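Quick note on the working numbering: the sequence shown kicks off at 16 and runs consecutively. Glycine is no exception: its CB is placed at the ideal position from the N, C-alpha and C atoms. Predicted model, so just to flag it, every value in this text is computed and none were measured. Working notes, beginning with the structure itself.
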Amino acid sequence: NTDSQQDALHTLRSSMEFAVLGSAWALPGALKILQGTSMQWLQQSMYHTLLLPALSLSLLLAWLARPAAAEKLPPGFLKHLASYMIVWMCCIAADWLQGPYVYALYSAYGFSESAIMALFVAGYAASGVCSCGI
Numbered sequence: 016n017t018d019s020q021q022d023a024l025h026t027l028r029s030s031m032e033f034a035v036l037g038s039a040w041a042l043p044g045a046l047k048i049l050q051g052t053s054m055q056w057l058q059q060s061m062y063h064t065l066l067l068p069a070l071s072l073s074l075l076l077a078w079l080a081r082p083a084a085a086e087k088l089p090p091g092f093l094k095h096l097a098s099y100m101i102v103w104m105c106c107i108a109a110d111w112l113q114g115p116y117v118y119a120l121y122s123a124y125g126f127s128e129s130a131i132m133a134l135f136v137a138g139y140a141a142s143g144v145c146s147c148g149i
């Protein structure tokens, strides 16, 4: 029983390390912030401005949603969680990687920038509404 828990913990740690290493693309931007050009970097766009507050809010909500320490996890849960997280991270990475290509495709078909933005917002809204039922 402890061997399976150790294996599950190892798999979970590996998937977490994959997520951290997968986000290494953000390192140059983080280094710019630390080097004193933070105001220029933060004023590039709305996304740059909202990155740090959104990250802080996400970390706070994750901290508040964590299970209580006294809560006993069912047997096999960590193994299930590790396998779920690996598949989830691959799906999220694939979704993020397709964004620039979808933009280029819409642009090549002659859509205006405002129409492309509306399509992206509609896609995110549909995902948000439909994911509530899953």
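Query	Result
CA-to-CA distance, W111 to S38, given in whole angstroms	Caution is warranted here: a pLDDT of 49 is assigned to S38, below 50, making its placement in the model unreliable, and the coordinate value is therefore given only provisionally. Distance between the alpha carbons of S38 and W111: 12 angstroms.
Pair within 8 angstroms by beta-carbon distance, Y116 and I131	no
Boundaries of the alpha helix (DSSP H) in which Q59 is found, first to last residue	Careful: Q59 lies outside any alpha helix (DSSP H) and carries neither H nor E.
First through last residue of the alpha helix (DSSP H) which encompasses G125	Unbroken run through G125: none, as it is neither H nor E.
Three-state secondary structure (DSSP) of L88	coil
Inter-residue spacing [alpha-carbon to alpha-carbon] between A97 and W103	10 angstroms
Buried or exposed (CB count within 10 angstroms, at least 16 for buried), L93	buried
Sequence-distant residues of its chain with Cβ nearer than 7 angstroms to Y118 (five each side left out)	I131
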